[in-house]
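Single-structure report; data block below.
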Amino acid sequence: METIQKTKKAIKDTFPVEGMTCAACAGSVESMLQAQPGVQSAAVNFAGKTVLVEYAPGTDLAKLQQALQSVGYDMLIQKEEATPEAKEAREQEAYAAIKHKTIWAVALSIPVVVIGMFFHHLPYGNWIMLALTIPVVFWFGRSFFVNAVKQARHGKANMDTLVALSTGIAFLFSVFNTVYPQFFLSRGLEPHVYFEAATVIIAFILLGKLLEERAKSRTSGAIKKLMGLQPKSVKALRNGQEIELPIEQVLVGDVLIIRPGEKIPVDGRVISGSSYLDESMISGEPIPVQKTKDDQVFTGTINQKGSLQISAEKVGAQTLLAQIIKLVQEAQGSKAPVQKLTDKIAGIFVPVVIVIALLSFAGWYFLGGDNNMTHGLLALITVLIIACPCALGLATPTAIMVGVGRGAEQGILIKDAESLELAHKLTAIVLDKTGTITKGKPEVTELQWTVPAAAQAELAGVLLAIENQSEHPLAEAVSKYLLEQGVQPAALEHFESITGRGVQAEYQGHTFWLGNEKLMQENNLQFRADLEKTAQKLKTEAKTVVFAGTQGQVVALIAIADAIKDTSAQAVKDLQDLGLQVYMLTGDNAQTAAAVAKQVGLQHYKAEVMPQDKGDFVQELQRQGHVVGMVGDGINDSQALALADVGIAMGRGTDIAMDVAKITLMHSDLRAIPKAIKLSKATVRTIHQNLFWAFIYNVIGIPVAAGLLYPIWGFLLDPMIAGAAMALSSVSVVTNSLRLRTLKL
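Counting in the working numbering, the sequence shown tops out at residue 1552, every number present.
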């Protein structure tokens, strides 16, 4: 059965998870899900409160939900529960609830602390503190105990286990000393109570969670911005009538009306009207793009002044904007290799801490001398408190979430955390030529006439008329160029295509030829000397040269090339400045490859490369010890993109290239690659800093909490200070991650 399931295409889905409080919780959720039939993998994003589950078709999601509910968590499997609006509503509700708990816990803790620290001899002081502590521990802090019991039933432990044990022991010890103080008094010991420790621990932890929730909600700002690009409703034509529909009810084929200033709600094509659209969210270019009949439009772009009617081609999850949002969400939920290590540490961390706490108690009890029981309990409680692994759980995912969000703002869509971590290790970058270094579309780069200016306008009209009828791939480039010059097509009397040469046409009794040099020679058309020299120079620049001739002479030379992007040379320099070896691969001929390489400053290139050869070249570089990034935009690049350590697709490339690649550049601007590498370096540096802060509190705090300094200086860490330190470690980690939002790329 298992073999059959794995042969089918697995389904990947992200589900919200409720009830997680630490990294150990994330480990519990993952291990529980991975143990269920049909589940192939599960990766929890603790900061985003979601789990990315890969499962076989036919898997019963309700059973997965029940499995998590049995250990104190909940996985929301209904689609309406997973919508951005529902998720935001849940987050606001959870934030309001924890805010309510925190305010009351702090309010009740303050008098307990005041009495416990300054008025501990107050008549009935212990009983007053007991009365104030009960609601804090068993009402506002009840979730810690409920979750700890559920975990214990399955032989698991997490942060809730530590909190429940520490506060529970402190509370019970204090109740015992309040109700039966004679037990210690008869032994010559002061019956201390630690109600303030129990209340303040819960208050501090709730305050830390409140600050975490507030900070984490800011890390997903990029996704919220992207979601805000799609309008909630749209005007459609159905049965000849204009009606307003919620965006969810739009169907493929619907005709939608887009008025000035409105956002395009779906991906589609213009069927009538003309306007300029702000497509900067896709292209990064600030100049609006003109859209007329049959032009493609994308969700989230903004209509300027004209009105349009568009036919919906992709709706819902199929739109380009939805795919971008999905990429960002999956990336934020994926795990970097360093996070997998952190999860393993967190999995064994809680049991180890419990053992240390018990050993601390035993050490004090047997070797502590006077007040050994009291000091032993104090050490046990304090070790359990200070070791809570909240910061450990937040160290990597918060940095990844902010890093991915920062990339999205720059038009760098990072598909998974591993690629974000690997990007800064790249030592070699392989660039496809067409569509990556070049624009991927032929353009006229030069038009040179040999006739007087007075005759050029009429001849240009003839050229436009010829190219409008031509089926040659380069004809469209010439037509576009002439139309941009304001040329009007002439009325031809005859048109004929000459295979492998060009075209022949009749206009006002004269014959015109348009094509290659051979066509001109065959029809005895004379070249001007300087024109031949220009043609030879253009050919060495890897440009295609087309000639126009009539009445015995060549009258025009047109140079056409797949123009190099304005930013490519600077991008190559930036990559080389970062110490990377930059290679170019192309299926084009050696002369073209050499010309392009020279113009962009590349020393390493290979021409006439087949798709299979690109993959082989990437693997060869890897065998040489390189960490390889492959940049491409076509189906022919997909294998190399998949084989590379980091595959980078151009945003205007094919769907297959973008699906295989780990990073997509929405602007098709190669200068985004150095930015992605800088972002990777900064994110990894932030993760390491976060792990330092997460561990340093425990490395220093646990021995101090156990009483290591007591024999030297008589210092024993107060449980309240331990609770504050634990909360501070989580806040410092989240705050450090948020610094990535201001990173200059």
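Ideal placement from N, C-alpha and C gives every residue a C-beta, glycine not left out.
- Only residues of its own chain outside the window of five on either side were considered, and among them R1478, P1481 have a CB closer than 7 Å to the CB of D1381, listed in chain order.
- Secondary structure note for Y1504: it is in no beta strand (DSSP E), and the uninterrupted alpha helix (DSSP H) holding it is 1479-1513.
- Taking C-beta separations shorter than 6 Å and ignoring five residues to either side along the sequence, the partners of A1363 in its chain run W1256, A1355, following chain order.
- Here the segment 1228-1242 makes no contact with the segment 861-871; the two share fewer than three CB pairs at distances below 8 Å.
- By the CB criterion at 8 Å, I1163 and I1507 fall outside the cutoff.
- For the options L1552, A1501, V1511, the alpha carbon positioned closest to that of T1542 is the one of A1501.
- The closest CA to that of Q1315, considering only A1298, H1474, N1330, is found on A1298.
- Sequence-distant Cβ neighbours of F1424 in its own chain, meaning closer than 8 Å and more than five residues away, are V1237, Y1390, L1392, K1413, V1416, A1447.
- Straight-line spacing of the CA atoms in V920 and L1545 works out to 33 Å.
- Counting C-beta pairs closer than 8 Å gives three or more between the segment 1405-1412 and the segment 1372-1379, which meets the contact rule.
- The beta carbon of L937 sits closer than 6 Å to those of T985, all from its chain and outside the five residues before and after it, given in chain order.
- Taking 8 Å as the cut-off, the Cβ atoms of V1361 and L1326 do not count as close.
- Here the C-alpha atom of V878 lies approximately 12 Å from the C-alpha atom of A833.
- P1072 is not a Cβ neighbour of Q1103, given a cutoff of 8 Å.
- Boundaries around M936 are those of the alpha helix (DSSP H), 932-942, since no beta strand (DSSP E) includes it.
- Under the three-state reduction of DSSP output, Q1333 falls in the strand class.
- Its chain contains L1227, A1230, H1231 as the residues whose beta carbon lies nearer than 6 Å to that of S1487, once the 5 sequence neighbours on both sides are disregarded; these appear in chain order.
- Take F925, set aside five residues on each side of it, and no residue of its chain has a beta-carbon closer than 6 Å to its own.
- Restricting attention to beta strand (DSSP E) runs no shorter than 3 residues, the segment 817-892 encloses them at 818-825, 846-852, 857-862, ordered along the chain.
- Nearest to Q1111 by C-alpha distance, out of T1126, A1124, S1081, is S1081.
- Per DSSP, reduced to three states, the secondary structure at L1017 is helical.
- Going by beta carbons, A1043 and V1062 fall inside the 8 Å limit.
- Between E900 and the set L972, L1017, Q885, the nearest pair of CA atoms involves L1017.
- A distance below 6 Å between beta-carbons, with the five flanking residues on each side excluded, links W1320 to the following residues of its chain, in chain order: Q1311, L1326, N1330, G1356.
- Counting C-beta atoms within 10 angstroms of its own C-beta, H1317 has fewer than 16 neighbours from the protein chains shown and is therefore classed as exposed.
- The beta-carbon separation of L1014 and T909, rounded to 5 Å, stays under the 8 Å limit for a contact.
- From the listed residues V1353, G1394, L1271, the smallest Cα separation to G1247 is found for G1394.
- The beta carbon of G1309 lies closer than 7 Å to those of W1320, L1321, G1322, N1323, L1326 in the same chain, with the five residues before and after it left out.
- In summary, Y931 is exposed, with fewer than 16 beta-carbon neighbours lying within 10 Å of its beta-carbon over all protein chains present.
- When secondary structure is reduced to three states using DSSP, I1371 falls in the strand class.
- A residue is called buried once 16 or more other Cβ atoms fall within 10 Å of its Cβ, and G1047, having fewer, is exposed.
- Take the alpha-carbon of S1304 and the one of L1127: they are about 40 Å apart.
- Closest in C-alpha terms to I818, from the list A849, V1353, E1250, comes A849.
- S1118: member of the beta strand (DSSP E) spanning 1115-1121, first to last residue.
- In this structure, DSSP gives A1355 an extended state, which the three-state scheme calls strand.
- For S1040, the enclosing beta strand (DSSP E) stretches over residues 1040-1045.
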